[in-house]
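Just below is one structure, and these are the notes that go with it.
Residue numbers (the UniProt record's numbering), protein chains in the order written: chain A, 1 to 309; chain B, 1 to 309; chain C, 1 to 309; chain D, 1 to 309.
Dropping the structure here:
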């Protein structure tokens, strides 16, 4: 078994040396001006040991990675009734497609495409004011990462709201089918803000440990979800976590993971490690280009693929 | 760790007692007249021990399960060039949809929907006569299962050919884009025949051992594919193996698998076991109803989910 | 040549006697409570003679019939540049479909499906405040009909706004592609209000005379549009005026026309007459059931089909 | 009223002088090698006078223009029952799209897209051998044009059959839904052959006179169809005759018409004239580029638009 610290350091060095970096998201200025040269990685093993390298301590906008945690919260709130409001099948189409919503009468295919994540946010919001729901999400992230400094980048959230017409279309469309219960503006407001949470690779890997360890924080022993629910969230990440590149990610990397357009990817090696990588340049499917390559290398060198050593 | 033989026997007893069985496929008479009361299961562990119960020795039409093996053969023949002819993303639509082909100019989304499997068959056929290509596929199955009695049910193949207008549409459509190289009738002929291979659960679990064990037959040590290719075939099974029920199968069962409309499912617990179940009744997505439940139970009791123990 | 007054009176009598009436639109209470027993018809010939029968003087919500007049206004404002923002092909899908917008990058297929009419409204709005734009539309209707009593039903407009999530989805979706220039709420506000204009059959037939007579009011000689533009608006009505029932309307009736979910249909017999019918019950495609039958009968008895006497 | 002979001669001169000609169809060699410099026009008025110019006597492949006549034949055979097998709504998609067939369960939208014309051919074929059905179609054309020299270009038909995988896909797809009754190869054979009929502009204008004159040959008085059926066929031509350019053709030209990829367009000025133009270069929607311009000019100069003088 290779040494994790060595592997992580090697990967960071290899990634930082690569000329191919993909393209940084440009639809809001806050993301557009991030330097594509960044690369960070943090891996936390079952014993709580952290192997980190590169820009592992630089905060970035987690964007859609937040959807793993809002899914966890919403399942905690309404349990399997959640699946009446959102499916769990891969979408076979880009992250912001509205076509599928028409075919399936407003029910999004899974909780990780934008429509599905908006529907999940709506579930968390129900019965609360937007400010309260957002506070609950943020406190959940702080609790999981054991770090109260995690915060929301208001400028990012406001830029998203200002330009988020596609998401407004998705939300209004679902509302027309009764899939969204709260006022569209409220639900979108909470959605834009939780996507604007800023974290470092280390914080993100900390926050996701429960998914690698049967639903528990392996250090404190605190249970976040049941073992079955942890497995199931991992399964949804594997089949749906990378938009229309989910099949390719499973094929190449072989780990459940969730990407964000900020360039972050959170991934899980069940029983072994919680992983976060960050490289701002994206590939054609909207997933971090170097992030995916780093995870592919890590899984191969450590023998962590869930599809066989 | 529970005893595998006991678990398998219990599952068979539970499945045979259930009243809910799904609906047997009716589009050809040979499938329509199969008794929905059948249930078989065979599990072969890393040591080559077989745990079997129910109708594990009754031959059934493997149908689309054959696509795992034709994919393996085609990758052996042309390597990664295969992915120029077929994608590896979940389809987000039923098994025989033609809509996706139009959007993506004749390139099927993955090798397990009908269009993709026809394209894979075309790759195997190239440079051969249909009879030779079919012989190669059948001998590969016999070799993998170490059983020369495995055969093709001609009556099934002929019924499929007689009623297979949808598949003929898919093949002609791909041909119009140059994705099919051979005469459409030849490619379809080989396709219909390899779907008509008849096997027992035991034979099927035997044939698939290499996918559970780093590409090798764990008993003989013979290498069928590289470890990386075995992992990758498993990944495609996980994301695409159950048509538009692939996400649900991953969520519930947590094992790579491939189903057929004959009611068979082949599944893999990487490093642990090769599994075949058979129950002819299908669910709404066209996958074996009891087969899926049996695998879900098996994975849970044995702790075999790839998404965490 | 039969006498127009006689024919119109006969048609009204026949329609009022029919038991089949279709279903009144129910998505807002103001439309839901309209009595399906209403039937009105008004036909104004080239000499300005009015043949009217039934409830020809009862005001009703013209809904999408207003789109003929906003199209006329927008063409007057920006000319053929309008066609960069909206197409003029039949949609092959229901009136509120969003699928087509994704395939064609936010450009609606024609000015008579909801998305297209919203884009047309946006053109009229540009450079104005919503109140001014709405005033311009209303005054145009009053001018064309030579009747300053024509007004907007505020309750209808407010109900539409309260439940119009599908239209909000369409507008936001187009906005995401830059097809909508003004704030979405402003454009939708003007749209909902012009659809809530209330008119009688007589007023509507008066307002549309210019389309039957080479762009001119045949009585005053006042030119509204050029003869070519009148022909072209008629052509768009013929191919796109009845949503996904446009082909059937052309086949059965053979006159350019535009329907609204309030049960009104405006139609044109070029060179001969301007026609308005009203019957609140709708068919499966969302067009007035008896209105279509009345127009079919009228065209046949008068020999007015544009496809041959 | 301008003189028809003068107008026709002027149009031919103008068209022959234009540098823009569109692109000749290249999918079969017989069409690919036609000289794009050809332009022919023939107009036959109500008195049977022929105005012709350019290459009006040069035979060309009528291709999809034949669909007007097979529709007429099929309606004669089964009447309105035809509409159970094919719709009459514009398709909103290209001529050979298969997407719509999936959404509407194998029923093509109209008789002028390829799928619809294949279904119409299947109706004509039923109860006959392919050779007989084809003979019936050819004799109908010869009878209508009063010219026994009209023939089928076998080389064109064979090229179509050899490369017609898309049409084979459409036919097999419809067959899978039971919309095609005869063996797919038989129906396609007849279809490819009637599309390969070769005619001159003069012959084509002769053949279509009945559609301009209430269903009758105005010279002989012989009735081909009822006046109502003639109107209805004209209506289908207007809404569906130019694939996804039908709306634009109605908007610009204002006459019912049907185009073919050979560059021919047949059009009708109801009560006034039967028209055929031919210019081999096509526009983006697959319709004759100069043919459409010639018809637009003709309709304008003669005041023949059905949407108003």
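From the three backbone atoms N, C-alpha and C, an ideal C-beta is built for every residue, glycine too.
Cβ closer than 8 angstroms: which chain A residues qualify as neighbours of residue i?
i	result
residue 166 of chain C	172, 173 and 176
residue 227 of chain B	308 and 309
What is the DSSP secondary structure of residue i, counted as helix, strand or coil?
i	result
residue 64 of chain B	helix
residue 278 of chain A	strand
residue 224 of chain B	coil
residue 154 of chain A	helix
residue 56 of chain A	coil
residue 264 of chain B	strand
residue 77 of chain A	helix
residue 137 of chain D	helix
residue 50 of chain C	strand
residue 370 of chain C	Chain C is shown from 1 up to 309; residue 370 of chain C falls before or after that span and cannot be answered.
Could you check where the alpha helix (DSSP H) with residue i kicks off and where it finishes?
i	result
residue 147 of chain C	That residue, residue 147 of chain C, is in no alpha helix (DSSP H); it is neither H nor E in DSSP.
residue 285 of chain C	Run containing residue 285 of chain C: none; DSSP gives neither H nor E here.
residue 25 of chain A	That residue, residue 25 of chain A, is in no alpha helix (DSSP H); it is neither H nor E in DSSP.
residue 300 of chain D	289 to 302
residue 177 of chain D	Counting along the chain, residue 177 of chain D falls outside any alpha helix (DSSP H), and DSSP gives it neither H nor E.
residue 7 of chain C	4 to 17
residue 124 of chain A	114 to 125
residue 246 of chain A	246 to 252
residue 103 of chain C	99 to 103
residue 211 of chain B	209 to 212
Specify, as a first and last residue, the run of the beta strand (DSSP E) that residue i falls within.
i	result
residue 198 of chain D	197 to 199
residue 45 of chain B	40 to 45
residue 259 of chain A	257 to 259
residue 241 of chain D	Unbroken run through residue 241 of chain D: none, as it is neither H nor E.
Regarding residue i and the ligand NAP, is the C-beta to nearest heavy atom distance less than 7 angstroms?
i	result
residue 274 of chain C	The ligand NAP is absent from the structure shown, which contains no ligands of any kind.
List, in order along the chain, the chain B residues whose C-beta lies closer than 8 angstroms to that of residue i?
i	result
residue 238 of chain A	238, 239, 250 and 307
residue 110 of chain A	247
Could you tell me which chain D residues have their CB closer than 9 angstroms to the CB of residue i, listed as they occur along the chain?
i	result
residue 203 of chain C	Those do not exist, as residue 203 of chain C stays about 22 angstroms from chain D at its closest Cβ, beyond 9 angstroms.
Output, in chain order, the set of chain C residues within a Cβ distance shorter than 7 angstroms of residue i.
i	result
residue 235 of chain D	250, 251, 254 and 307
residue 99 of chain A	99 and 102
residue 244 of chain D	89
residue 169 of chain A	169, 172, 173 and 176
Using a C-beta to C-beta distance shorter than 7 angstroms, which residues of chain B count as neighbours of residue i?
i	result
residue 271 of chain A	308 and 309
residue 230 of chain A	308
Cβ closer than 9 angstroms: which chain C residues qualify as neighbours of residue i?
i	result
residue 214 of chain D	308 and 309
Applying a beta-carbon distance threshold of less than 8 angstroms, which residues of chain D neighbour residue i?
i	result
residue 92 of chain C	89, 90, 91, 92, 93, 100 and 109
State whether the region 29 to 45 of chain C contacts the region 278 to 288 of chain C, with contact taken as three or more CB pairs (one from each stretch) at a distance under 8 angstroms.
yes
Touch test, the region 55 to 66 of chain D against the region 26 to 41 of chain D, Cβ-Cβ under 8 angstroms, three pairs minimum
yes
Assess contact between the region 73 to 91 of chain B and the region 241 to 249 of chain A, defined as three or more Cβ pairs (one per stretch) separated by less than 8 angstroms. Is contact present?
yes
Between the region 250 to 265 of chain A and the region 173 to 187 of chain A, can you find at least three pairs of beta-carbon atoms closer than 8 angstroms?
no
Between the region 113 to 132 of chain D and the region 107 to 121 of chain B, can you find at least three pairs of beta-carbon atoms closer than 8 angstroms?
no
Stretch-stretch touch, CB-based, cutoff 8 angstroms, three pairs: the region 198 to 215 of chain B with the region 265 to 276 of chain B:
With a cut-off of 8 angstroms on Cβ pairs, the region 198 to 215 of chain B is in contact with the region 265 to 276 of chain B, counting three or more such pairs.
Below 8 angstroms, how does it come out for the region 181 to 188 of chain D and the region 180 to 196 of chain B: are there three or more Cβ pairs, yes or no?
no
Does the region 217 to 233 of chain C come within contact of the region 288 to 296 of chain C, defined as at least 3 CB pairs closer than 8 angstroms?
no
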